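Residue numbers (the numbering used here), protein chains in the order written: chain A, 1 to 121; chain B, 1001 to 1112. Idealized CB from N, CA, C, for every residue including glycine. Note that this is a predicted model, so its numbers are computed, not measured.
Set out below in structure tokens:
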């Protein structure tokens, strides 16, 4: 059974970097049959897909236009996990962040437990 | 971006009775590969979303058969044949045909 375990701070100061990690069990971040995504949820924005990383002969990263200039998603094959970095955060980035496995066209079949991140000084 | 509009926003249902949720997209969701990439998710109180339906009508593993999806083009429906107490939560549609993927605003199902 595939499980995703998230970790990272719940409070980030404005203008700093939000960093979260998602540890994978029961699957491999290097698999060529899944993509590894970050999605966030807030009362103001609803559910919002942020980006993904996946391996197809090489590593590929794709990001939503709304955060493209500030986001990095990286795989870590040695630890079988992937991470999210969001730079220059503002209070508008306050949300519950989810790491998720799957392809956009088929929905996403495995979700992490969610991490509530508050951006505040 | 494709706008996904769900109705109703709130749906009070009697236990054992059917429920139906509508989802409309601002553009056709038929992909160039011929597939229609419309999914439904359930979010129970305090939990992460869970995939129920993908590609309009395919039930995800472990999803009870009282859940069904239908529709085409821009109009889609999620039906619960007989609502049970565990079905309380918010339901979201999501399109994966056009970039970027987008979600509907959600429909809250509650027991009368």
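With its beta carbon less than 8 Å from one in chain B, residue 49 of chain A belongs to the interface. Neighbours of residue 1085 of chain B in chain A, taken as residues at a C-beta separation under 7 Å, are lacking, since the least C-beta distance is about 22 Å. In the same chain as residue 111 of chain A, and ignoring 5 residues on each side of it, the C-beta atoms closer than 6 Å to its own belong to 98 and 100, in chain order. Look at residue 1085 of chain B here: in three-state DSSP terms it is helix. Taking 8 Å as the Cβ-Cβ cut-off, the stretch 101 to 118 of chain A approaches chain B at 102, 103, 104, 105, 106, 107, 108, 109, 111, 112, 113 and 114, given in chain order. Interface residue (Cβ-Cβ distance to chain A less than 8 Å): residue 1049 of chain B is classified as such. For the stretch 1012 to 1037 of chain B, the set of positions with a beta-carbon nearer than 8 Å to some beta-carbon of chain A reads 1031, 1035 and 1037 in chain order. Taking 8 Å as the cut-off, the Cβ atoms of residue 1063 of chain B and residue 1087 of chain B do not count as close. Counting along the chain, residue 40 of chain A sits inside the beta strand (DSSP E) bounded by residues 35 to 42. Rounded to whole angstroms, the Cβ separation of residue 1015 of chain B and residue 1111 of chain B is 6 Å, and the two are in contact under 8 Å. In the three-state scheme derived from DSSP, where H, G and I count as helix and E and B as strand, residue 1033 of chain B is classed as coil. Under the Cβ distance rule, residue 95 of chain A does not count among the residues neighbouring chain B, no pair being separated by less than 8 Å. Here DSSP, grouped into helix, strand and coil, assigns residue 106 of chain A to helix. The bridge partners DSSP lists for residue 75 of chain A are A:82. Think of a sphere of 8 Å around the beta carbon of residue 65 of chain A: the chain B residues whose beta carbon falls inside it are 1100, in chain order. Assignment of residue 93 of chain A by DSSP, reduced to helix, strand and coil, places it in the helix class.
Interface criterion met: the Cβ of residue 1041 of chain B is under 8 Å from a Cβ in chain A.
By the Cβ neighbour-count rule, residue 48 of chain A is buried, with 16 or more other Cβ atoms within 10 Å of its own.
In the DSSP secondary-structure assignment, residue 25 of chain A is bridged to A:3. Beta-bridge pairing by DSSP links residue 1012 of chain B to B:1110. Beyond the five residues adjoining it in sequence on each side, residue 90 of chain A comes within less than 7 Å, by CB distance, of 14 and 119 in the same chain, given in chain order. Under the Cβ criterion of 8 Å, residue 1055 of chain B is counted among the residues facing chain A. DSSP places residue 30 of chain A outside both helix and strand once states are collapsed to three, so it counts as coil.
Rounded to the nearest whole angstrom, the CA to CA distance from residue 1008 of chain B to residue 1021 of chain B is 7 Å. Take residue 1092 of chain B, set aside five residues on each side of it, and the residues of its chain with a beta-carbon closer than 6 Å to its own are 1041, 1103, 1104 and 1106, in chain order.
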